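Numbering (our numbering), first residue to last: 554 to 776.
The beta-carbon is built from N, C-alpha and C at its ideal position, and this holds for glycine as well.
In this text, all values refer to a predicted model and were calculated from it rather than measured experimentally.
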(Lines of atoms letter the chains of each structure in order from A and count residues from 1; the text may use other names and numbers.)
(Lines give C-alpha, C1' and ligand atoms only; values in the text may rest on other atoms or scores of the structure.)
Protein backbone atom coordinates (compact mmCIF):
# COMPACT_ATOMS: atom_id res chain seq x y z
CA UNK A 1 0.00 0.00 0.00
CA UNK A 2 1.20 3.53 -0.79
CA UNK A 3 1.85 5.28 2.53
CA UNK A 4 0.76 8.72 1.23
CA UNK A 5 -2.72 7.66 0.17
CA UNK A 6 -4.44 7.76 3.59
CA UNK A 7 -3.04 11.23 4.28
CA UNK A 8 -4.14 12.40 0.84
CA UNK A 9 -7.64 11.00 1.41
CA UNK A 10 -7.88 12.73 4.80
CA UNK A 11 -6.91 16.11 3.40
CA UNK A 12 -9.28 15.61 0.47
CA UNK A 13 -12.27 14.93 2.71
CA UNK A 14 -11.37 17.78 5.08
CA UNK A 15 -11.06 20.37 2.32
CA UNK A 16 -14.21 19.14 0.60
CA UNK A 17 -16.15 19.46 3.86
CA UNK A 18 -14.80 22.94 4.53
CA UNK A 19 -15.64 24.07 0.99
CA UNK A 20 -19.33 23.26 1.45
CA UNK A 21 -19.90 24.37 5.02
CA UNK A 22 -19.57 28.19 4.80
CA UNK A 23 -22.51 28.85 2.42
CA UNK A 24 -25.40 27.68 4.61
CA UNK A 25 -23.87 29.18 7.75
CA UNK A 26 -23.29 32.60 6.23
CA UNK A 27 -26.71 32.54 4.54
CA UNK A 28 -28.35 31.84 7.87
CA UNK A 29 -26.44 34.73 9.49
CA UNK A 30 -27.46 37.10 6.70
CA UNK A 31 -31.07 36.04 7.05
CA UNK A 32 -30.99 36.72 10.76
CA UNK A 33 -29.52 40.22 10.24
CA UNK A 34 -31.80 41.18 7.28
CA UNK A 35 -35.11 40.01 8.76
CA UNK A 36 -35.03 40.46 12.52
CA UNK A 37 -38.78 40.72 12.76
CA UNK A 38 -39.34 37.46 11.01
CA UNK A 39 -36.83 35.83 13.26
CA UNK A 40 -38.55 37.17 16.36
CA UNK A 41 -42.08 36.40 15.04
CA UNK A 42 -41.47 32.82 14.08
CA UNK A 43 -38.95 31.98 16.79
CA UNK A 44 -35.29 31.09 16.73
CA UNK A 45 -35.97 27.52 15.73
CA UNK A 46 -37.63 28.28 12.33
CA UNK A 47 -35.81 29.29 9.09
CA UNK A 48 -37.10 31.68 6.47
CA UNK A 49 -38.80 29.65 3.72
CA UNK A 50 -38.17 32.43 1.19
CA UNK A 51 -34.37 32.41 1.77
CA UNK A 52 -32.50 32.32 -1.57
CA UNK A 53 -28.91 31.37 -2.27
CA UNK A 54 -26.42 33.90 -3.61
CA UNK A 55 -25.47 32.37 -6.95
CA UNK A 56 -23.42 35.07 -8.71
CA UNK A 57 -23.26 37.98 -6.28
CA UNK A 58 -19.53 38.40 -5.78
CA UNK A 59 -19.92 41.72 -3.89
CA UNK A 60 -21.82 40.31 -0.93
CA UNK A 61 -19.33 39.96 1.87
CA UNK A 62 -21.68 37.99 4.11
CA UNK A 63 -22.85 35.34 1.64
CA UNK A 64 -20.27 33.96 -0.79
CA UNK A 65 -21.46 33.34 -4.31
CA UNK A 66 -22.28 29.73 -5.02
CA UNK A 67 -20.54 29.93 -8.37
CA UNK A 68 -17.39 31.05 -6.56
CA UNK A 69 -17.62 28.05 -4.27
CA UNK A 70 -18.11 25.80 -7.26
CA UNK A 71 -15.11 27.33 -9.05
CA UNK A 72 -12.97 27.06 -5.92
CA UNK A 73 -14.07 23.49 -5.39
CA UNK A 74 -13.33 22.66 -9.04
CA UNK A 75 -9.87 24.22 -8.75
CA UNK A 76 -9.30 22.36 -5.50
CA UNK A 77 -10.47 19.09 -6.99
CA UNK A 78 -8.26 19.68 -10.02
CA UNK A 79 -5.23 20.28 -7.79
CA UNK A 80 -6.05 17.26 -5.69
CA UNK A 81 -6.47 15.10 -8.78
CA UNK A 82 -3.29 16.48 -10.34
CA UNK A 83 -1.09 16.01 -7.29
CA UNK A 84 -2.88 12.96 -5.97
CA UNK A 85 -3.04 11.07 -9.25
CA UNK A 86 0.39 9.51 -8.89
CA UNK A 87 -0.12 8.29 -5.29
CA UNK A 88 -3.59 7.01 -6.11
CA UNK A 89 -2.36 5.34 -9.26
CA UNK A 90 0.58 3.82 -7.41
CA UNK A 91 -1.70 2.64 -4.65
CA UNK A 92 -4.13 1.10 -7.12
CA UNK A 93 -1.33 -0.56 -9.11
CA UNK A 94 0.28 -1.96 -6.00
CA UNK A 95 -3.08 -3.06 -4.68
CA UNK A 96 -3.87 -4.70 -8.00
CA UNK A 97 -0.50 -6.43 -8.02
CA UNK A 98 -1.03 -7.68 -4.49
CA UNK A 99 -4.52 -8.91 -5.32
CA UNK A 100 -3.20 -10.65 -8.46
CA UNK A 101 -0.44 -12.30 -6.41
CA UNK A 102 -2.97 -13.43 -3.83
CA UNK A 103 -5.25 -14.74 -6.58
CA UNK A 104 -2.32 -16.56 -8.24
CA UNK A 105 -1.25 -18.02 -4.92
CA UNK A 106 -4.79 -19.12 -4.16
CA UNK A 107 -5.06 -20.64 -7.64
CA UNK A 108 -1.78 -22.52 -7.19
CA UNK A 109 -2.90 -23.81 -3.81
CA UNK A 110 -6.19 -24.84 -5.37
CA UNK A 111 -4.38 -26.66 -8.17
CA UNK A 112 -2.12 -28.44 -5.67
CA UNK A 113 -5.09 -29.38 -3.50
CA UNK A 114 -7.00 -30.66 -6.53
CA UNK A 115 -3.95 -32.66 -7.60
CA UNK A 116 -3.64 -34.22 -4.15
CA UNK A 117 -7.36 -34.94 -4.13
CA UNK A 118 -7.18 -36.58 -7.55
CA UNK A 119 -4.24 -38.66 -6.34
CA UNK A 120 -6.14 -39.77 -3.26
CA UNK A 121 -9.24 -40.58 -5.30
CA UNK A 122 -7.16 -42.50 -7.85
CA UNK A 123 -5.35 -44.44 -5.15
CA UNK A 124 -8.66 -45.19 -3.49
CA UNK A 125 -10.11 -46.47 -6.75
CA UNK A 126 -7.02 -48.57 -7.44
CA UNK A 127 -6.76 -49.84 -3.87
CA UNK A 128 -8.50 -53.14 -4.61
CA UNK A 129 -6.33 -53.68 -7.66
CA UNK A 130 -3.17 -52.85 -5.73
CA UNK A 131 -4.21 -55.22 -2.94
CA UNK A 132 -4.83 -57.97 -5.50
CA UNK A 133 -1.40 -57.36 -7.07
CA UNK A 134 0.20 -57.38 -3.64
CA UNK A 135 -1.49 -60.66 -2.79
CA UNK A 136 -0.32 -62.16 -6.07
CA UNK A 137 3.22 -60.96 -5.42
CA UNK A 138 3.19 -62.44 -1.93
CA UNK A 139 1.83 -65.74 -3.23
CA UNK A 140 4.40 -65.78 -6.01
CA UNK A 141 7.19 -65.06 -3.56
CA UNK A 142 5.84 -67.78 -1.27
CA UNK A 143 5.67 -70.27 -4.12
CA UNK A 144 9.15 -69.38 -5.28
CA UNK A 145 10.51 -69.73 -1.75
CA UNK A 146 8.69 -73.05 -1.35
CA UNK A 147 10.10 -74.33 -4.64
CA UNK A 148 13.58 -73.18 -3.63
CA UNK A 149 13.34 -74.93 -0.26
CA UNK A 150 12.06 -78.11 -1.92
CA UNK A 151 14.88 -77.99 -4.47
CA UNK A 152 17.48 -77.45 -1.73
CA UNK A 153 16.05 -80.32 0.30
CA UNK A 154 16.09 -82.58 -2.76
CA UNK A 155 19.69 -81.63 -3.53
CA UNK A 156 20.77 -82.33 0.06
CA UNK A 157 18.91 -85.64 0.06
CA UNK A 158 20.56 -86.65 -3.22
CA UNK A 159 23.98 -85.74 -1.86
CA UNK A 160 23.34 -87.75 1.31
CA UNK A 161 22.18 -90.72 -0.78
CA UNK A 162 25.27 -90.56 -2.97
CA UNK A 163 27.54 -90.29 0.06
CA UNK A 164 25.76 -93.24 1.65
CA UNK A 165 26.09 -95.28 -1.54
CA UNK A 166 29.78 -94.46 -1.78
CA UNK A 167 30.33 -95.35 1.87
CA UNK A 168 28.38 -98.58 1.44
CA UNK A 169 30.43 -99.53 -1.62
CA UNK A 170 33.66 -98.75 0.22
CA UNK A 171 32.54 -100.83 3.18
CA UNK A 172 31.54 -103.62 0.83
CA UNK A 173 34.91 -103.52 -0.91
CA UNK A 174 36.76 -103.52 2.41
CA UNK A 175 34.68 -106.44 3.63
CA UNK A 176 35.34 -108.31 0.38
CA UNK A 177 39.10 -107.71 0.70
CA UNK A 178 39.08 -108.85 4.30
CA UNK A 179 37.00 -111.89 3.38
CA UNK A 180 39.34 -112.81 0.54
CA UNK A 181 42.36 -112.39 2.81
CA UNK A 182 40.81 -114.64 5.41
CA UNK A 183 39.84 -117.17 2.77
CA UNK A 184 43.39 -117.21 1.38
CA UNK A 185 44.81 -117.49 4.86
CA UNK A 186 42.45 -120.33 5.69
CA UNK A 187 43.20 -122.03 2.35
CA UNK A 188 46.94 -121.81 3.01
CA UNK A 189 46.51 -123.17 6.48
CA UNK A 190 44.37 -126.02 5.15
CA UNK A 191 46.82 -126.78 2.33
CA UNK A 192 49.77 -126.74 4.74
CA UNK A 193 47.96 -128.96 7.14
CA UNK A 194 46.97 -131.36 4.35
CA UNK A 195 50.50 -131.35 2.98
CA UNK A 196 52.01 -132.07 6.37
CA UNK A 197 49.58 -134.89 6.86
CA UNK A 198 50.45 -136.46 3.48
CA UNK A 199 54.24 -136.11 3.73
CA UNK A 200 56.21 -138.25 6.02
CA UNK A 201 59.42 -137.36 7.88
CA UNK A 202 61.63 -138.60 5.05
CA UNK A 203 59.75 -136.50 2.48
CA UNK A 204 59.99 -133.45 4.66
CA UNK A 205 63.78 -133.89 5.05
CA UNK A 206 64.20 -134.35 1.33
CA UNK A 207 62.18 -131.19 0.53
CA UNK A 208 64.21 -129.22 3.08
CA UNK A 209 67.50 -130.33 1.59
CA UNK A 210 66.30 -129.56 -1.92
CA UNK A 211 65.21 -126.08 -0.79
CA UNK A 212 68.63 -125.45 0.77
CA UNK A 213 70.44 -126.53 -2.43
CA UNK A 214 68.36 -124.10 -4.50
CA UNK A 215 69.20 -121.11 -2.37
CA UNK A 216 72.80 -120.60 -3.71
CA UNK A 217 71.66 -121.06 -7.30
CA UNK A 218 68.83 -118.57 -6.91
CA UNK A 219 71.19 -116.15 -5.18
CA UNK A 220 73.66 -116.32 -8.12
CA UNK A 221 70.95 -115.73 -10.65
CA UNK A 222 69.79 -112.76 -8.64
CA UNK A 223 73.30 -111.25 -8.92
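With 16 other Cβ atoms within 10 Å as the buried cut-off, status of residue i
i           : result
residue 636 : exposed
residue 644 : buried
DSSP three-state assignment for residue i, whether helix, strand or coil
i           : result
residue 625 : helix
residue 618 : coil
residue 763 : helix
beta-carbon residue i near the ligand NAD non-hydrogen atom, thresh 6 Å
i           : result
residue 751 : This structure simply doesn't include the ligand NAD, nor any ligand for that matter.
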